[in-house]
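Start counting the sequence shown at 4; every next residue gets the next number (the working numbering). Reading through the structure tokens given below for one structure.
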Amino acid sequence: MFRFTLMILSLVSSYSLADNNYSKEIENFAEALVFDKYQETFEITGEQKLYIKAIPITDRVTFSQCLVPLQGHIVGDKIKSKTAVKVSCDDATPWDLYIRVKAQTLIPLIISSRPISKGEVLSNKNIELIYKDKTRVRGSTFTNAQTLRGVRLKRNISSKKSIRHRDICYVCEGDKVTITANKSGLIIKASGIALSDGNIGSTVRVENSRTQRIVVGTVYALKEVQVTF
Numbered sequence: 004m005f006r007f008t009l010m011i012l013s014l015v016s017s018y019s020l021a022d023n024n025y026s027k028e029i030e031n032f033a034e035a036l037v038f039d040k041y042q043e044t045f046e047i048t049g050e051q052k053l054y055i056k057a058i059p060i061t062d063r064v065t066f067s068q069c070l071v072p073l074q075g076h077i078v079g080d081k082i083k084s085k086t087a088v089k090v091s092c093d094d095a096t097p098w099d100l101y102i103r104v105k106a107q108t109l110i111p112l113i114i115s116s117r118p119i120s121k122g123e124v125l126s127n128k129n130i131e132l133i134y135k136d137k138t139r140v141r142g143s144t145f146t147n148a149q150t151l152r153g154v155r156l157k158r159n160i161s162s163k164k165s166i167r168h169r170d171i172c173y174v175c176e177g178d179k180v181t182i183t184a185n186k187s188g189l190i191i192k193a194s195g196i197a198l199s200d201g202n203i204g205s206t207v208r209v210e211n212s213r214t215q216r217i218v219v220g221t222v223y224a225l226k227e228v229q230v231t232f
């Protein structure tokens, strides 16, 4: 891995200390270069966000304010999590400045806002939406809080942990559930007790509360199971 550091190359010995406003202007210039290149290279979906942020120029660096438009290019012409950008001034007192710019695709992620105990129902009081670097998210996660409201936890979760499919059940063992059957175009509904845990799309065993008959169905909504005859 290459290590990039801020560097000043000068053809003259007299430079003025860069003020904060001009340093910020240079940082914005570098961020714009990375933003344009990122847009050309990667696809950003509607749920995702693009995070572009230059590492601030240290006040120990000195250079004169450029009297002509700044020039710049991305080192290696490739976007990385920390991309090096060379910013150049080609006036009478030329200089080159290397700036690192963070570039991340952020994705929505539902996490616990506090410790949550096994069996607790998820709601706005114990979950929240954040955005996290896509490369740091592993496994199957949830991106919409609405889909988790009313769902119960199968295990304890500490604060600020992502909610995963293995952590919850839309139908939990012992839940009172609605059994729906479609027979010859006729929809029949009955109540039952879940005998196993399940998430959307998985199968569970349910005991019909009236007949005590045990059926196997597919979870299709919160505390709702569909069976086929």
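Using N, Cα and C, we set each Cβ at its ideal position, and we do this for glycine too.
Legend entry - Exposed unless 16 or more other CB atoms sit within 10 angstroms - verdict on L132: The residue labelled residue 132 in the question sits at position 129 within the sequence shown. Flag for L132 reads exposed.
Legend entry - Classification of G220 by the beta-carbon crowding that lies within 10 angstroms, buried from 16 upward: Stepping through the sequence shown from its first residue, residue 220 is reached at position 217. G220 is buried by the Cβ-count criterion.
Inset, instruction - Please classify L151: does DSSP put it in a helix, a strand, or coil? - result: Taking the first residue of the sequence shown as position 1, residue 151 is located at position 148. Residue state, collapsed to three classes: helix.
Inset, instruction - Locate the alpha helix (DSSP H) running through N31, then write down its first and last residues. - result: Within the sequence shown, residue 31 is the residue found at index 28, counting from 1. Its alpha helix (DSSP H) spans residues N23 to T44.
Inset, instruction - Return the bridge partner residues of L109 from the DSSP annotation. - result: Here the question's residue 109 lines up with position 106 in the sequence shown. DSSP, once it has assigned bridges, lists K52 and D136 as partnering L109.
Legend entry - For S161, the nearest candidate out of A106, I196, Y25 and S115 (CA to CA): Residue mapping note: residue 161 aligns to position 158 of the sequence shown, counting from 1. If we check each option's Cα against that of S161, S115 comes out closest.
Legend entry - Under the three-state DSSP convention, the category L20 falls into: Walking along the sequence shown from the start, residue 20 turns up at place 17. Summary for L20: the model assigns pLDDT 40, below 50, so the residue's position carries little reliability; its value from the coordinates is reported in the next sentence. Three-state result, L20: strand.
Inset, instruction - Check whether the stretch 220 to 232 touches the stretch 178 to 192, taking contact to mean three or more Cβ pairs, one atom from each stretch, closer than 8 Å. - result: yes
Legend entry - Residue closest to T138, alpha-carbon to alpha-carbon, out of P118, L112, S26 and D39: To locate residue 138, count along the sequence shown from 1; it is residue 135. Ranking P118, L112, S26 and D39 by Cα distance to T138 puts L112 first.
Legend entry - Three-pair Cβ contact test at 8 Å for the stretch 80 to 87 versus the stretch 104 to 111: yes
Legend entry - Stretch pair the stretch 115 to 128 + the stretch 149 to 156: three plus CB contacts closer than 8 Å: yes
Legend entry - Separation of K89 from T96, as counted between CA atoms: Taking the sequence shown and counting its residues from 1, the one referred to as residue 96 is at position 93. Taking the sequence shown and counting its residues from 1, the one referred to as residue 89 is at position 86. Roughly 17 Å separates the two Cα atoms.
Legend entry - Inter-residue Cα distance where the pair is K192 and I203: Taking the first residue of the sequence shown as position 1, residue 192 is located at position 189. Taking the first residue of the sequence shown as position 1, residue 203 is located at position 200. Each residue's Cα considered, the two are about 19 Å apart.
Inset, instruction - Locate the beta strand (DSSP E) running through E210, then write down its first and last residues. - result: Here the question's residue 210 lines up with position 207 in the sequence shown. Counted as a single uninterrupted DSSP element, the beta strand (DSSP E) harbouring E210 occupies residues T206 to N211.
Legend entry - Inter-residue Cα distance where the pair is Q74 and V37: Here the question's residue 74 lines up with position 71 in the sequence shown. Here the question's residue 37 lines up with position 34 in the sequence shown. Their Cα atoms are separated by approximately 13 Å.
Inset, instruction - Specify the secondary structure class of D99 as computed by DSSP and reduced to three states. - result: Within the sequence shown, numbered from 1, the residue matching residue 99 stands at position 96. Correct three-state label for D99: strand.
Legend entry - For S143 and Y134, the rounded distance between their alpha carbons: To locate residue 134, count along the sequence shown from 1; it is residue 131. To locate residue 143, count along the sequence shown from 1; it is residue 140. Approximately 15 Å between the Cα atoms of the pair.
Inset, instruction - Pick helix, strand or coil for G79, following the three-state DSSP scheme. - result: What you label residue 79 is simply residue 76 of the sequence shown in a count that begins at 1. Reduced to three states, the DSSP call for G79 is helix.
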